[in-house]
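Enquirer: Residue numbers (numbering that gives the first Met the number 0), protein chains in the order written: chain A, 0 to 82; chain B, 0 to 82; chain C, 0 to 166; chain D, 0 to 166.
Don't be surprised by glycine CBs; every beta carbon is placed ideally from N, CA and C.
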Amino acid sequence: MKLVYFAYVREHIGYDSEEVDLPATVQTIADCLGWLAVRGEGYRAAFADPAKLLFAVDQQMADQTANITCCRELAIFPPVTGG
Amino acid sequence: MKLVYFAYVREHIGYDSEEVDLPATVQTIADCLGWLAVRGEGYRAAFADPAKLLFAVDQQMADQTANITCCRELAIFPPVTGG
Amino acid sequence: MLPGTGDFSPGDGRMIRIHLPQKALDLAGEMAAINALGSGAVASFTGTARADDHAGQTVTAIELEHYPAMTSAALQALAETAMQRWPLAACCIIHRTGIIPVGDAIVLVAAASSHRVAALESCSFLIDRLKTDAPFWKKEYYDNGSARWVEAKAADTTRAQDWNIRA
Amino acid sequence: MLPGTGDFSPGDGRMIRIHLPQKALDLAGEMAAINALGSGAVASFTGTARADDHAGQTVTAIELEHYPAMTSAALQALAETAMQRWPLAACCIIHRTGIIPVGDAIVLVAAASSHRVAALESCSFLIDRLKTDAPFWKKEYYDNGSARWVEAKAADTTRAQDWNIRA
């Protein structure tokens, strides 16, 4: 699966995207955040306030309970501030 | 006093303005409409639906009860339709 | 330019611009001028003469009559009311008068603010109130040579009055 | 031009225009194009990069990051929602991305309709919802060389949600 990051999430993690193989225990976005957070300080900093994060599964907005076992691209980003 | 007319009021009366000397019996705009109406068919046609007319006394909107004994210019016109 | 039109400043850097041209509006120039203020948010409304149908006839032109001694003062009062109600940097009302061919702009109102909501709301307020408070009268000319004064709409009056009770 | 941007027609003469340029917006050209449709009423909103102060520093530029694979689809969905809700002839959303110097426009939204209220309301709807629904992130650069991601405002979320309950 492809993970894509934007804004301060991207800056904390240090990549704008990465390919990952999720273990079978990771079913939802919330599971994925927990699994990523142990990978290093950058992830922990990026996900420090998970209630503020937004997610898109295959470019559709989703919440943390969304199942991602069949998804191709998960985007993780802060609240949007365009316009 | 100067009377000024706009839109269909002007077209019915046939003038865009005229100078008049109001008799002492004419105190309000309503009085003035009655006094003008007997002057001819154009005035009667212009004032046929007096509830629809609007008035400005010295360029300030006013209603039919307004006293005009000290006014310099009375404008009589239909509802506005700009923009 | 008629007396009472032009650019006015309440003396604090804010700008009110009222014009009553008898020729085509310079929409791009007006928008560039208000955008150049760098206010962050600019909302605008443009009304254009349409080739509407009425009783089987098509509009070819409209005529805007107005009350020169009153119009610019009425528009300036309207702009000042908007300036008092919202934190605006600039308020612009440009209304064409005389004969206006179909396709040409009749009116441009624009408001600039550092706040998006102030710009959007005041722009709506300006055009809603202009429709009921400013001494303009619109006549439609049709392709068979006839003409008709446009009647005021009750819905326009209702909408203009709604601003009295809005938060 | 990114895939998914451009001019779209729902097939009935109506127009949706979505662009994500990385250079200065042609505001005059965009407004001329939408005015040329002859719809009678055009409402627009322009948002510009401001030289704001923050903690004693002045903004010199902003950067707009976005999610290319999602942005144009999100904006098109937004325009289509507006088209379903109001009788619009055209809907235009132009959003600049990348580095934007202070004074330059960030976004232009515009709506054309034969109805004034439809143009005004849908224009407000488009910019209100764009602020909360489209994947853009804004970073401010300051005159001392520092930078900061702009935080989302609760008031923007409230205003965007208010459209769910408005008549």
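Can you tell me the Cβ-Cβ gap for G46 (chain C) and V106 (chain C), rounded? I've got them flagged as a contact below 8 Å.
Expert: Between V106 (chain C) and G46 (chain C) the Cβ distance is about 4 Å, and since that is below 8 Å, they are a contact.
Enquirer: Taking 7 Å as the threshold (C-beta atoms), are L74 (chain D) and I98 (chain D) in contact?
Expert: Going by C-beta atoms, I98 (chain D) is not nearer than 7 Å to L74 (chain D).
Enquirer: For V3 (chain B), count neighbouring Cβ atoms within 10 angstroms of its own Cβ and tell me buried if that reaches 16, exposed if not.
Expert: Per the 10 Å Cβ criterion, buried.
Enquirer: Where does the unbroken alpha helix (DSSP H) through D6 (chain D) begin, and where does it stop?
Expert: Element bounds for D6 (chain D): not the alpha helix (DSSP H) but the beta strand (DSSP E), G5 to F7.
Enquirer: Could you give the residue range of the alpha helix (DSSP H) that holds V130 (chain D)?
Expert: A quick correction: the sequence has Lys, not Val, at residue 130 (chain D). R115 to D132 is the extent of the alpha helix (DSSP H) around K130 (chain D).
Enquirer: From the DSSP output, which residues share a beta bridge with K1 (chain A)?
Expert: K1 (chain A) pairs with A:E18 and A:E72.
Enquirer: For the putative contact between T70 (chain C) and P134 (chain C), defined by C-beta atoms under 8 Å, what is the C-beta separation to the nearest angstrom?
Expert: Indeed, because the Cβ distance is near 6 Å, the residues count as touching under 8 Å.
Enquirer: For a contact defined as C-beta to C-beta under 8 Å, what are the partners of M69 (chain D) on chain A?
Expert: Those within 8 Å of M69 (chain D) in chain A are A55, Q58 and A74.
Enquirer: Is any beta-carbon of chain D found at less than 7 Å from that of Y7 (chain A)?
Expert: Cβ-Cβ to chain D under 7 Å: yes for Y7 (chain A).
Enquirer: Could you give the distance in angstroms between the alpha-carbon of H65 (chain C) and the alpha-carbon of W85 (chain D)?
Expert: Rounded to the nearest angstrom, the two C-alpha atoms are 32 Å apart.
Enquirer: Contact criterion: CB-CB distance below 7 Å. Does P49 (chain B) meet it with respect to chain C?
Expert: Not an interface residue.
Enquirer: Please classify T200 (chain D): does DSSP put it in a helix, a strand, or coil?
Expert: Any question about residue 200 (chain D) goes unanswered here, given that chain D covers just 0 to 166.
Enquirer: As a quick exercise: from D:K138, D:R49 and D:R128, pick the residue whose alpha carbon is nearest that of A184 (chain D).
Expert: For chain D, the structure presents residues 0 to 166; residue 184 (chain D) sits outside this window and is missing.
Enquirer: Is the separation between the beta-carbon of A60 (chain D) and that of Y141 (chain D) shorter than 7 Å?
Expert: No; because the gap between Cβ atoms is not below 7 Å, this pair is not in contact.
Enquirer: Looking at the structure shown, is R84 (chain D) part of a helix, part of a strand, or coil, going by DSSP?
Expert: If DSSP states are grouped into helix, strand and coil, R84 (chain D) belongs with the helices.
Enquirer: Since F135 (chain D) meets chain A, which of its residues come closer than 8 Å, beta carbon to beta carbon?
Expert: Neighbours of F135 (chain D) on chain A, chain order: V79, T80, G81 and G82.
Enquirer: For a cutoff of 7 Å on Cβ pairs, would you count F124 (chain C) as touching chain D?
Expert: No, because no Cβ of chain D sits closer than 7 Å to the Cβ of F124 (chain C).
Enquirer: Kindly indicate which residue of B:Y7, B:A50 and B:S16 has the alpha-carbon position closest to the one of A68 (chain C).
Expert: Ranking B:Y7, B:A50 and B:S16 by Cα distance to A68 (chain C) puts B:S16 first.
Enquirer: In whole angstroms, what is the alpha-carbon distance linking D132 (chain D) and F7 (chain D)?
Expert: In a straight line, the C-alpha of D132 (chain D) is about 20 Å away from that of F7 (chain D).
Enquirer: In angstroms, rounded to a whole number, what distance separates the CA positions of M30 (chain C) and A47 (chain B)?
Expert: Taking the straight line joining both Cα atoms gives about 44 Å.
Enquirer: Contact between the stretch 113-128 of chain D and the stretch 38-52 of chain D: three or more CB pairs below 8 Å?
Expert: These segments touch.
Enquirer: Any Cβ of chain B within less than 7 Å of the Cβ of K167 (chain C)?
Expert: This structure gives no information on residue 167 (chain C), because the portion of chain C shown stretches from 0 to 166.
Enquirer: What is the rounded straight-line gap between the Cα of C73 (chain B) and the Cα of A109 (chain C)?
Expert: Note on identity: in this sequence residue 73 (chain B) is Leu, with Cys being the wrong assignment. Going from the Cα of L73 (chain B) to the Cα of A109 (chain C) covers about 32 Å.
Enquirer: Quick one: Cα of V37 (chain B) to Cα of R43 (chain B), how far?
Expert: In a straight line, the C-alpha of V37 (chain B) is about 7 Å away from that of R43 (chain B).
Enquirer: In whole angstroms, what separates the C-alpha of G144 (chain C) from that of E79 (chain D)?
Expert: If I take the Cα positions, the gap works out to 40 Å.
Enquirer: Would you kindly check if the distance between the Cβ of A48 (chain D) and the Cβ of V101 (chain D) is under 7 Å?
Expert: Against a cut-off of 7 Å, the Cβ pair of A48 (chain D) and V101 (chain D) comes out as a contact.
Enquirer: What's the call for R9 (chain B), buried or exposed, on a 16-neighbour Cβ count within 10 Å?
Expert: By the neighbour-count rule (16 or more Cβ atoms within 10 Å), R9 (chain B) is buried.
Enquirer: I'd like to know if G144 (chain D) contacts chain A, where contact means its C-beta is closer than 7 Å to some C-beta of that chain.
Expert: No, its Cβ sits nowhere closer than 7 Å to a Cβ of chain A.
Enquirer: If the cut is a Cβ gap below 8 Å, which residues of chain C does A40 (chain D) touch?
Expert: Correct list: F44, T45, G46 and T47.
Enquirer: Ends of the beta strand (DSSP E) at Y66 (chain D)?
Expert: Neither: Y66 (chain D) is in no beta strand (DSSP E) and is coded neither H nor E.
Enquirer: Under DSSP, the beta strand (DSSP E) around R16 (chain C) begins and ends at which residues?
Expert: Run containing R16 (chain C): M14 to H18, per the beta strand (DSSP E) assignment.
Enquirer: Under 8 Å by Cβ, that's how I've got A76 (chain C) and A111 (chain C) pegged, so tell me the actual separation to the nearest angstrom.
Expert: Incorrect: roughly 19 Å between the Cβ atoms, too far for contact.
Enquirer: Going by other Cβ atoms of all chains shown within 10 Å of its Cβ, with 16 needed for buried, is P22 (chain B) buried or exposed?
Expert: Answer is exposed; the Cβ neighbour count stays below 16.
Enquirer: With distances taken Cα to Cα, identify the nearest neighbour of T80 (chain B) among C:T157, C:K22, C:V149 and C:A159.
Expert: Comparing Cα positions, the closest option is C:V149.
Enquirer: May I ask which residues mark the beginning and end of the beta strand (DSSP E) holding G37 (chain D)?
Expert: Note, G37 (chain D): premise wrong, no beta strand (DSSP E); not H, not E.
Enquirer: Going along the stretch 11-27 of chain C in order, which residues come within less than 8 Å of chain B, judged by CB to CB distance?
Expert: Taking 8 Å as the Cβ-Cβ cut-off against chain B, none of the residues of the stretch 11-27 of chain C qualify.
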